[in-house]
Ligand SMILES: Nc1ncnc2c1ncn2[C@@H]1O[C@H](COP(=O)(O)OP(=O)(O)OP(=O)(O)O)[C@@H](O)[C@H]1O
Ligand SMILES: Nc1ncnc2c1ncn2[C@@H]1O[C@H](COP(=O)(O)OP(=O)(O)OP(=O)(O)O)[C@@H](O)[C@H]1O
Ligand SMILES: [Mg+2]
Ligand SMILES: [Mg+2]
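This is the structure in structure tokens:
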């Protein structure tokens, strides 16, 4: 298993910060949508789960999802989205990280990325419980978090996945992904 | 000289991930402590890659398939990278230098003194220590990079073309600083232009295009005995200009200008001025005629790039700027091609070949457009809805295969023999430079603006580029070029625009 | 971008700015945690009053700006509160229409969550307005032994933000110089987004990668001295006393 090097850390944190900036704008959008479309707004909630799986898909090393998620949350915190996002960032990143760990950092498919998003969502739900966001009628609870899960899948499984694919075409990924051992083996002959 | 080895590689094999071609195939090189070593080789042969491998940047920070029987790396080293834009980790001059001092655990109280001292050494004069690095010119950045390395006080120093972007005086100063401060160090240098620095080196290693060593000896011996190799690989050696251009009669390089000048004026500046941050530049009068070859010279930070930016309408200006007789608008004039100083800024595509075919396509489209403009005078006032519904304009004239054939031929001519589906960023700096210049050369617009097109080039590529430009000039195209190369100024220019003290002075040159 | 950054520069420095950022962070974070996991309206109100006094009196910003910064916080806490009131759990139904059901319990939890959001927002604002992120990170490294590689990576990332905005401009320049036509037709918006966003993300990653290499090449060392030094002063004692007093008053208020 390849460990995170200094360079990886910089790249991951920068990804986190880029997403943090995007999330800042998203947050404003969310606040506007919030009172207008009480349930459908959940559909754009997946944005907050995107950063961790995105980083993992891109870097393909242990720790990427968690670190990126934390970095994104830290940025949100310092641009004034409240302190509690630090906890959310941590637990959501952890959720995503666990999924990639479960697949031993070998599989990076749409399904795995989507599942990572859903686990982030689950992590967030735990915090929502203690915060009080979940004191809802049973049906409202199911609709709210059901939609959120769908959104999580769309943002992480589909958007993150396809953005990473587009990035692969620009060849940046070859800078940061671990190289294939087979290529080194070939050189030895 | 001591015999302990400072660094070495044995039977090194390396390639870039995903590539078939090896950059090095069983390369062996040992460098004793205290040696001053100069690496020479054609652009793209792997010099920068080798420095990164020997320092340990590969594989510590850069991924690359690599294998060697043995490798000795220095524990304490400094590196000046080839690209001045990519070697800073902070955004202010003082923070950047402080970063080095922090790593060395120098107490805070001593920091400012050391910073001022080292900036003096590299002759980087700044209004304040806390200056944003983004506001330095390219040459100033190169000086700052060297300053950071000097602060590091390493045993082994890698210098990858440390003076490529410096003005002539700056080159002298930098090399004086290098000699003064690094006399006891092991120093490994890559540099294309070797005039005036040769005698400092103990040893010169020459690579061929495949990355194999073809000569390895004292400078004197290399330049006397291996000259055929150097000529064959297109590597700079003293007097190469004279030898290369004595073969060509002057008229083949530039059209002879008779006594009276009938050429039309293409570009005219009058009472023209630019402001950028605290920087100002003023031009009383300057004009470029058809087939002019204008070189813009001046110190680092004089404002050459700034002037070029304004000519391409990337920066606002005051006063009169007429182009083909008409006052320039805010948009980039149709008649201008442009080459950025930093080649990476030029690139818009994901593949090398697409960069060139795009330019060719634009050229064909504009030729076609010229033919049809008479019939379509309403094109300016088209409603957004109209634009939205309008089908994409198809390019009838140029089939894809023809464009690709044309593009590969052009790439070949500028010695870009690499897989064409590679990303433009996956090239050596010299190759990037050539690709970016090429995108403008093939457009064949009436004026071409180039910001230091020949930096980082080996002799062969420089001459090809210059000859290409001379052909364009002979065909009536006006060339306006920023350069620090006195040879180009002397041999090619019809006018010299010198920027000094925020003023532009024009000197005509008769040949 | 610089305008945005300047916006968060205080008009004058107060004792709060001179407090040690780590200490401030830890205390405020502890209060936040305490609040986060508790459900007592009186507690929230107590803290809101105390911290607001501190914020409005000594954060170094003009009143108008502070008020302006409260708008998103108020907005967001209001909407959280309202939606919980409308859809919240509860048996003592007061009013019902279609899917909306207001009960005395749901009103209670709505108010509770609205106030909690407001309080957490104010805590965040208090830190944000009195400790610039760069100082905060330097202090983390010096006082909390926060690993330098993460801190410097984060600093590098923060510094890249203005560059990302510059990068949009550079990209626009390149597209102009190379005469890439503005996309037209139905897919114009999508094409434009693609023309900019993917290269911009790629460029951010490239820049990050190069910064990483530059850090390695400058012999990055976890054990280091610091150019920007942060330490403690009597202001810190004042802050600790204030926080304790604040908590004491609030607890007293809650107990009543
Ligand atoms: N990221 C990359 N991926 C694939 N190939 C690369 C990459 N970077 C460089 N190359 C190729 O490796 C070879 C060596 O590049 P390198 O930068 O070491 O050349 P160089 O000798 O320093 O040239 P120059 O004088 O132009 O700087 C070149 O042919 C280049 O095209
Ligand atoms: N983005 C910027 N904002 C403000 N000032 C700038 C900016 N870029 C450059 N400058 C300043 O403008 C002046 C001219 O810079 P310019 O890049 O045109 O120099 P140059 O002549 O091209 O130098 P070089 O030969 O080193 O490339 C310099 O003093 C520089 O500090
Ligand atoms: Mg090189
Ligand atoms: Mg310049």
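Protein chains in written order, with the working numbering: chain A, 35 to 223; chain B, 37 to 547; chain C, 1195 to 1450. For every residue, glycine included, the Cβ atom is placed at its ideal position computed from N, Cα and C. Only a predicted model underlies this, so the values are computations on that prediction, with no experimental measurement involved.
One finds 1230, 1231 in chain C with Cβ atoms closer than 8 Å to the Cβ of residue 164/A, taken in chain order. Set against 7 Å, the gap from the CB of residue 174/B to the closest heavy atom of ligand 2 is smaller. The stretch 213-228 of chain B and the stretch 74-93 of chain B touch, with no fewer than 3 CB-CB distances between them shorter than 8 Å. Using a Cβ-Cβ cut-off of 7 Å, residue 49/B is close to 221 of chain A, given in chain order.
A distance below 8 Å separates the beta carbons of residue 129/B and residue 165/B. Look at residue 1259/C: its C-beta is not under 8 Å from any C-beta on chain A. In the pairwise beta carbon analysis, the stretch 161-178 of chain A is classified as not touching the stretch 196-216 of chain A: fewer than three pairs are separated by under 8 Å. By the rule that beta-carbons nearer than 8 Å mark a contact, residue 96/A does not touch chain B. Using beta-carbon distances, residue 459/B counts as an interface residue toward chain A, with a partner under 8 Å. Not one heavy atom of ligand 1 lies closer than 7 Å to the C-beta of residue 220/A.
Neighbours of residue 116/A across chain C, judged by C-beta separation under 7 Å: 1314, 1315, 1318. At a cut-off of 8 Å between beta-carbon atoms, residue 1408/C makes contact with chain B. DSSP places residue 468/B in the helix class (H, G or I) of the three-state scheme. With respect to residue 332/B, residue 533/B sits close: the two C-beta atoms are nearer than 8 Å. Contacts with chain A (Cβ-Cβ distance below 9 Å) from the stretch 466-498 of chain B involve no residue at all. Taken in chain order, the complete alpha helix (DSSP H) segments of 4 or more residues contained in the stretch 457-504 of chain B are 465-477.
DSSP, read as helix, strand or coil, puts residue 1290/C in strand. Around residue 1252/C, the same chain offers 1208, 1210 as residues with beta carbons nearer than 6 Å, after the five sequence neighbours per side are excluded.
Chain order gives no chain B residues near residue 143/A, where near means a beta carbon separation below 8 Å; the closest approach is about 21 Å. Contact annotation: residue 130/A and residue 87/A have beta-carbon atoms nearer than 8 Å. When C-beta distances to chain A are compared with 7 Å, the residues of the stretch 364-393 of chain B below that value are 386, in chain order. The bridge partners DSSP lists for residue 329/B are 515/B. Judged by DSSP secondary structure, residue 353/B falls outside any alpha helix (DSSP H); it is assigned neither H nor E.
Listed along chain A, the residues sitting closer than 7 Å to residue 54/B by beta-carbon distance are 208. Apart from sequence neighbours up to five positions away, the residues of its chain that approach residue 446/B with a beta-carbon distance below 7 Å are 392, 474, 478, ordered along the chain.
By the beta-carbon neighbour count (other beta carbons within 10 angstroms, threshold 16), residue 486/B is buried. Out of 240/B, 251/B, 44/B, the CA that lies nearest to the CA of residue 104/B is found in 44/B. Bounds of any beta strand (DSSP E) do not take in residue 447/B; it lies within the alpha helix (DSSP H) bounded by 436-449. At least one heavy atom of ligand 1 sits closer than 7 Å to the Cβ of residue 465/B. In the three-state reduction of the DSSP assignment, residue 106/B falls in the strand class, which pools E and B.
For residue 51/B, there is no enclosing alpha helix (DSSP H), since its DSSP letter is neither H nor E.
With a contact defined as Cβ atoms closer than 8 Å, residue 1343/C and residue 1215/C miss out at about 20 Å. Chain B has no Cβ within less than 8 Å of the Cβ of residue 1336/C. With contact defined as three or more Cβ pairs closer than 8 Å, the stretch 118-127 of chain A and the stretch 100-108 of chain A are in contact. For the pair residue 99/A and residue 150/A, the CB atoms are nearer than the 8 Å cut-off.
Pairing residue 1212/C with residue 1429/C, the inter-Cα distance amounts to about 7 Å.
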